[in-house]
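Below: the structure, in structure tokens.
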């Protein structure tokens, strides 16, 4: 039934605007059964603005890994105040972080893909898993053109990794569209975007991109492109 429901929803939402996708998702799943995961990237800021303008009070949360840029914390605060909303911050388990650092040191992510994924698992995936166990659907800012790992993103998906529906209202829009929306609606955004950071994660694992590189080339740049996901958004199953 899940597959048939998703296929039908995607047929109904074909060529619809992100706002229409959001309204349809809330109508289908109910705001009390949904949550919006924001990392305060440009796409997530657009979605925060849309939820506010459309008067869709879906709860917003973020993953505070403990290693974010100060600019991201500044935007967290600015967004909370700008829209007058509460944003729940989720944190990794202290004991798990302490054990990981004692065993591998603070810069383990540079040593191997396995160690980098372990850091992402503890700091991101575990707290996200706990949060998503309480809802039926989550909203994300994924777009198809962001990277080679996201070319098949659809507006509505079944997230087999976490066992719930995933809503991607911006799946089909372009980067230019995102920034035109931000400009048109005066949406607050991370000032690192003006310094060559199209995708922003933890500070040690993010750099500015070089001319000609794809939008996520600055994330875990020492790895090949096909490996540049943290486990929050896995291949469809």
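In the numbering used here, the protein residues as written are 74 to 310. By construction, the Cβ of each residue, glycine as well, lies at the ideal position given by its N, Cα and C atoms.
query, result
"Pairwise C-alpha distance: residue 291 and residue 281", "6 Å"
"Cβ distance (whole Å) where residue 109 is taken to contact residue 133 below 8 Å", "5 Å"
"Own chain partners of residue 153 with C-beta closer than 8 Å, once the 5 adjacent residues on each side are dropped", "159 and 160"
"Three-way DSSP call (helix, strand, coil) for residue 232 in this model", "strand"
"Touching by the beta-carbon criterion (3+ pairs, under 8 Å), the stretch 255-266 and the stretch 226-242", "no"
"Cβ contact check for the stretch 130-146 and the stretch 195-209: 3 or more pairs under 8 Å", "yes"
"Chain-order list of residues whose beta-carbon lies under 6 Å from that of residue 76 (same chain, five-residue window excluded)", "none"
"Residue 106 beta carbon less than 8 Å from that of residue 210", "yes"
"Among 212, 272, 298 and 145, the one whose alpha carbon lies nearest that of residue 91", "212"
"C-alpha distance - residue 308 paired with residue 135, whole-angstrom precision", "Low confidence applies to residue 308: its pLDDT is 47, below 50, so where it sits in the model is not reliable, and the reading given next is rough at best. Taking the straight line joining both Cα atoms gives about 22 Å."
"CB contact flag (residue 216, residue 116, <8 Å)", "yes"
"Coarse secondary structure for residue 237, derived from DSSP in three states", "strand"
"Residue 109 - partner residues in DSSP beta bridges", "133 and 212"
"Residue burial classification, residue 343 (beta-carbon count within 10 angstroms, cutoff 16)", "No information on residue 343 is available, as it lies outside the stretch 74 to 310 that the chain covers here."
"Span of the alpha helix (DSSP H) around residue 85", "75-85"
"Pick from 257, 112 and 95 that is closest to residue 239, judged by C-alpha positions", "95"
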